[in-house]
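Let me begin by presenting the structure, written as structure tokens, before commenting on it.
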Amino acid sequence: MELLACNIGARLANSVKKDLNLVDIESFFWSDSMDALYWIKKEGPWMTFVSNRVNEIRRLSEAYEWKFVPGTQNPADLPSRGCSVKTLLKKQWYEGPPWLGDSRDKWPDFELSPDENIIFAEKRKL
Numbered sequence: 001m002e003l004l005a006c007n008i009g010a011r012l013a014n015s016v017k018k019d020l021n022l023v024d025i026e027s028f029f030w031s032d033s034m035d036a037l038y039w040i041k042k043e044g045p046w047m048t049f050v051s052n053r054v055n056e057i058r059r060l061s062e063a064y065e066w067k068f069v070p071g072t073q074n075p076a077d078l079p080s081r082g083c084s085v086k087t088l089l090k091k092q093w094y095e096g097p098p099w100l101g102d103s104r105d106k107w108p109d110f111e112l113s114p115d116e117n118i119i120f121a122e123k124r125k126l
């Protein structure tokens, strides 16, 4: 499901950039799914579903544009965890985590440690 969300995000960004004639603008995509990010960033003979999503994501974006954000710092997760309207109106919902406003060289670079059982379950047998 998370990989599909990444795929939809890449499609949306591509469509908006084309429609607004911003094709040369750099984009960044944030996900709290280490598994999805691993598939996007690493080569592998993946099973059909993962392979098709990853191929489209890579066609529409660059692997370096995909970044990890911990779920606790991901404002998109607030509604799924259950929160009040008051919480949604707070700054993080609109601006993201505090470090996102810093220059890129100050963004945290989280090491990916995906669930190996999930990753290798999608590895195609050669």
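Counting in UniProt numbering, the sequence shown tops out at residue 126, every number present.
Ideal Cβ positions, reconstructed from N, Cα and C, are used throughout, including at glycine.
Because the structure is a prediction, the values reported are computed rather than measured.
Report the residue from the options whose alpha carbon sits nearest the alpha carbon of residue i.
i: Met-34; options: Leu-88, Pro-45, Asn-117; result: Asn-117
i: Ser-61; options: Ser-31, Glu-26, Phe-120, Arg-81; result: Glu-26
i: Val-69; options: Trp-30, Arg-124, Ala-13; result: Trp-30
i: Thr-72; options: Ile-8, Phe-120, Pro-97, Lys-106; result: Pro-97
So the alpha helix (DSSP H) residue i belongs to, where does it begin and stop?
i: Phe-68; result: Phe-68 -> not in any alpha helix (DSSP H); beta strand (DSSP E) instead, spanning 66 to 68.
i: Ser-46; result: Here residue 46 is Trp; the residue named in the question, Ser, does not match the sequence. Segment: none, Trp-46 is in no alpha helix (DSSP H) and carries neither H nor E.
i: Phe-120; result: 116 to 121
i: Thr-87; result: 85 to 88
i: Glu-2; result: 2 to 19
i: Pro-79; result: 78 to 81
State buried or exposed for residue i, treating a residue as buried only when at least 16 other CB atoms are found within 10 Å of its CB.
i: Ile-40; result: buried
Cutting at 8 Å between CB atoms, please list the residues of its own chain near residue i, excluding the five before and the five after it.
i: Val-16; result: Leu-22
i: residue 130; result: A question about residue 130 goes unanswered here, because the residues of the chain that appear run from 1 up to 126.
Terminal residues of the continuous beta strand (DSSP E) containing residue i?
i: Ser-31; result: 29 to 31
Excluding five sequence neighbours on each side, which residues of the same chain lie with their C-beta closer than 6 Å to the C-beta of residue i?
i: Ala-36; result: Glu-2, Leu-3, Cys-6
i: residue 154; result: Nothing about residue 154 can be reported from this structure: the residues present for the chain run from 1 to 126 only.
Would you say residue i reaches chain D, if we count a Cβ-Cβ gap shorter than 9 Å as a contact?
i: Ile-118; result: The structure shown contains no chain D, having only a single protein chain.
Within a Cβ cutoff of 7 Å, which residues of the same chain sit near residue i, ignoring the five residues on either side of it in sequence?
i: Pro-108; result: Trp-99
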